[in-house]
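> Below you will find the structure I want to go over with you.
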Amino acid sequence: MVHYRNSNLELECLLPRWADASYHLWQDPRIHLVVPDPSSEGRRWLEYTGVAHIVEQPDWGKWSQELGDLSDPADLYLLVRVTPIRIDLIDETKGWGRRETLEFSA
Numbered sequence: 052m053v054h055y056r057n058s059n060l061e062l063e064c065l066l067p068r069w070a071d072a073s074y075h076l077w078q079d080p081r082i083h084l085v086v087p088d089p090s091s092e093g094r095r096w097l098e099y100t101g102v103a104h105i106v107e108q109p110d111w112g113k114w115s116q117e118l119g120d121l122s123d124p125a126d127l128y129l130l131v132r133v134t135p136i137r138i139d140l141i142d143e144t145k146g147w148g149r150r151e152t153l154e155f156s157a
């Protein structure tokens with residue numbers, strides 16, 4: 052589980068530097084995120100596939116609520132911006148396997 056924010060269809064995610072995820076992004080920037088809808092009791096979620104780009108000079112002030120009063124968040128977290136390739140909305144409240152897809156050209 053990571054903290055994320057959206058800007059239109061792009062996402063920014065805080066990845067803990069101690070997690071394997073940050074190491075793997077250096078090897079392969081493709082990323083797959085699952086974002087559950089908390090109001091649907093596990094029956095609706097987004098599957099978000101994209102390419103992660105490390106933000107070299109993040110504005111940590113935007114993340115103050117999530118980070119609390121850390122003196123240097125860059126020591127603990129890596130901020131990545133994710134550009135979508137494909138976004139799927141799975142909505143089983145409308146039937147099993149119900150999916151709507153938005154794909155982007157490269």
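Start counting the sequence shown at 52; every next residue gets the next number (our numbering). Each residue gets a CB set at the ideal place from its N, CA and C atoms; glycine is no exception.
Using a Cβ distance threshold of 8 angstroms, determine whether the stretch 114–124 contacts the stretch 70–89, with at least three qualifying pairs required.
no
> Assuming Leu97 and Val86 make a contact with CB atoms under 8 angstroms, what is their CB distance in whole Å?
At roughly 4 angstroms, the Cβ-Cβ gap stays under 8 angstroms, so Leu97 and Val86 are in contact.
> I'd like the list of long-range same chain contacts for Glu117, defined as Cβ closer than 6 angstroms, with 5 residues on each side in sequence excluded.
His54
> Closest by CA to Ile82, which one among Arg137, Pro109 and Asn59?
Arg137
> Considering only residues of the same chain and omitting the five flanking positions on each side of Leu60, which have a CB-CB separation below 6 angstroms?
Closer than 6 angstroms at Cβ, skipping near neighbours: Pro135.
> For the stretch 79–131, list the beta strand (DSSP E) runs that are entirely contained and at least 3 residues long, ordered along the chain.
Listed in chain order, they are 81–87 and 95–105.
> Is Asp73 helix, strand or coil when you go by DSSP?
First, the amino acid is wrong: residue 73 is Ser here, not Asp. DSSP places Ser73 in helix when its eight states are reduced to three.
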